[in-house]
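In UniProt numbering, the protein residues as written are 1 to 138.
Written as structure tokens, this is what we have:
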């Protein structure tokens with residue numbers, strides 16, 4: 001593919017030194033107990049197929065982005081952060097930045113930087129990947 005700086009995501013069950021097994025967040029593990037027994041999916045940029053995240057990093061599938069359905073993700077790789085801006089959303093005001101595929105520079109979602117609501121602070125540092133901008137990589 002010719003990608004010089006991309007991080008490729010491997011199935012954590014096939015790689016004993018995977019960083020996915022070292023996640024110590026109890027919320028992450030409780031929400032993903034059922035997922036561990038399902039198939040592993042790598043998600044990539046719809047345009048250039050650069051790996052972005054995996055099914056093991058999904059916190060919630062119940063989000064809406066600008067283009068429709070979106071996933072809240074714990075970890076995303078191979079992205080560049082855009083300019084920081086304040087956005088008004090259904091659950092409150094947030095300080096966010098768009099995330100762009102590092103290879104083709106297309107928008108794939110955004111990162112939550114800060115929440116104005118205390119009950120929404122769990123989103124800080126997490127990512128939204130919009131399904132219309134990503135694909136499943138095989």
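Idealized CB from N, CA, C, for every residue including glycine. Remember, predicted model here, so these are calculated numbers, not experimental data.
Residue 76 and residue 105 have their C-alpha atoms some 15 Å from each other.
Straight-line measurement puts the Cα of residue 137 at about 7 Å from the Cα of residue 49. Positions of the beta strand (DSSP E) runs, each at least 3 residues long and wholly inside the UniProt domain "Yippee" (41-138), are given as 42-45, 51-54, 58-65, 68-73, 79-89, 92-101, 107-115, 127-130 and 134-137 in order along the chain. Counting other Cβ atoms within 10 Å of its Cβ, residue 88 stays below 16 and is therefore classed as exposed. The region 62-73 and the region 116-133 touch, with no fewer than 3 CB-CB distances between them shorter than 8 Å. Nearest to residue 111 by C-alpha distance, out of 94, 118, 43 and 102, is 94. Nearest C-alpha to residue 57 among 90, 98 and 43: 43. Looking from the CA of residue 133, the closest CA among 101, 81 and 83 belongs to 101. It is roughly 10 Å from the alpha-carbon of residue 118 to the alpha-carbon of residue 92.
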